[in-house]
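Numbering (this note's numbering), first residue to last: 13 to 219.
Just so you know, even glycine gets a beta-carbon here, dropped at the ideal spot from N, CA and C.
Notes follow the structure.
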């Protein structure tokens, strides 16, 4: 992959809003959801994984096109079949003891588990998580989030690469993920969790 990662394993001095002394912010490894909620709305994307704060800039337009295309496909299928709820970023997802919170690009929760969807956030592991790679986040999505989603019990993890026009599909196997398939233009991705849902790569990733 030709992407270079520019997400930040954020130092405290980057995060201090005007008028807030440095001692108000916790050291890395000690961040909580309450700390996260005090962060400024300054255009950065903030996520807390196992007490560590990560920040990345707003995504590129290609990223947003891919996310929008796949979100629409999930939404239309879920709405037509009444199988659950689809949400997209920015939605806080709290994975107790692991992430407080993360903001996946797309999540799906089956109708039997909709009690985890609260007004303010999702409390617990979605059944499907989708992350669309960008130069600022690809390493985070493939490393930290890959591990934490598996630990939390997210049953299916989609990784979409807009630049390469490839979708990787992973299924939960014990406490880690096994690759189900890697799909390129001309191929169709079929979910194993959301029975009957399928999408062509070219319909997600524009040329």
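According to DSSP, residue i sits in a beta bridge with which residue or residues?
{"i": "residue 194", "result": "180"}
{"i": "residue 156", "result": "Residue 156 pairs with nothing; no bridge assigned."}
{"i": "residue 143", "result": "171"}
{"i": "residue 188", "result": "185"}
{"i": "residue 135", "result": "106"}
Start and end of the alpha helix (DSSP H) containing residue i?
{"i": "residue 129", "result": "Premise fails: residue 129 is in no alpha helix (DSSP H) and is neither H nor E."}
{"i": "residue 117", "result": "It is not in any alpha helix (DSSP H) - residue 117 carries neither H nor E in the DSSP assignment."}
{"i": "residue 170", "result": "It is not in any alpha helix (DSSP H) - residue 170 instead sits in the beta strand (DSSP E) that spans 168 to 173."}
Put residue i into one of helix, strand or coil per three-state DSSP.
{"i": "residue 19", "result": "Residue confidence is low: residue 19 scores 47 on pLDDT, short of 50, so the model does not pin down where it sits. No coordinate-derived value is stated."}
{"i": "residue 204", "result": "coil"}
{"i": "residue 103", "result": "coil"}
{"i": "residue 60", "result": "strand"}
{"i": "residue 65", "result": "strand"}
{"i": "residue 53", "result": "coil"}
{"i": "residue 221", "result": "An answer regarding residue 221 cannot be provided, because it is not within the stretch 13 to 219 covered by the chain."}
{"i": "residue 44", "result": "coil"}
{"i": "residue 199", "result": "coil"}
{"i": "residue 217", "result": "coil"}
{"i": "residue 149", "result": "coil"}
{"i": "residue 87", "result": "helix"}
{"i": "residue 80", "result": "helix"}
{"i": "residue 162", "result": "helix"}
{"i": "residue 26", "result": "Note that residue 26 scores a pLDDT of 45, beneath 50, so its modelled location is shaky; the value from the coordinates is reported in the next line. In the structure shown, residue 26 sits in a helix (DSSP, three-state: H, G or I)."}
How about residue i and residue j: do their beta carbons lie closer than 7 Å?
{"i": "residue 117", "j": "residue 79", "result": "yes"}
{"i": "residue 139", "j": "residue 122", "result": "yes"}
{"i": "residue 162", "j": "residue 200", "result": "no"}
{"i": "residue 164", "j": "residue 107", "result": "yes"}
{"i": "residue 57", "j": "residue 160", "result": "no"}
{"i": "residue 210", "j": "residue 194", "result": "no"}
{"i": "residue 39", "j": "residue 47", "result": "no"}
{"i": "residue 222", "j": "residue 141", "result": "Look at the range of the chain in this structure, 13 to 219, and you will see that residue 222 is not part of it."}
{"i": "residue 3", "j": "residue 63", "result": "Since the displayed the chain opens at 13 and closes at 219, residue 3 lies outside it and no answer follows."}
{"i": "residue 156", "j": "residue 115", "result": "no"}
{"i": "residue 149", "j": "residue 68", "result": "yes"}
Identify the continuous beta strand (DSSP E) that holds residue i and give its terminal residues.
{"i": "residue 210", "result": "210 to 212"}
How many whole angstroms separate the CB atoms of residue i and residue j, which I take to be in contact at a CB cut-off of 8 Å?
{"i": "residue 177", "j": "residue 217", "result": "4 Å"}
{"i": "residue 120", "j": "residue 134", "result": "With 8 Å as the limit, residue 120 and residue 134 do not qualify as a contact, their Cβ atoms being about 11 Å apart."}
{"i": "residue 172", "j": "residue 82", "result": "7 Å"}
{"i": "residue 45", "j": "residue 113", "result": "6 Å"}
{"i": "residue 174", "j": "residue 75", "result": "6 Å"}
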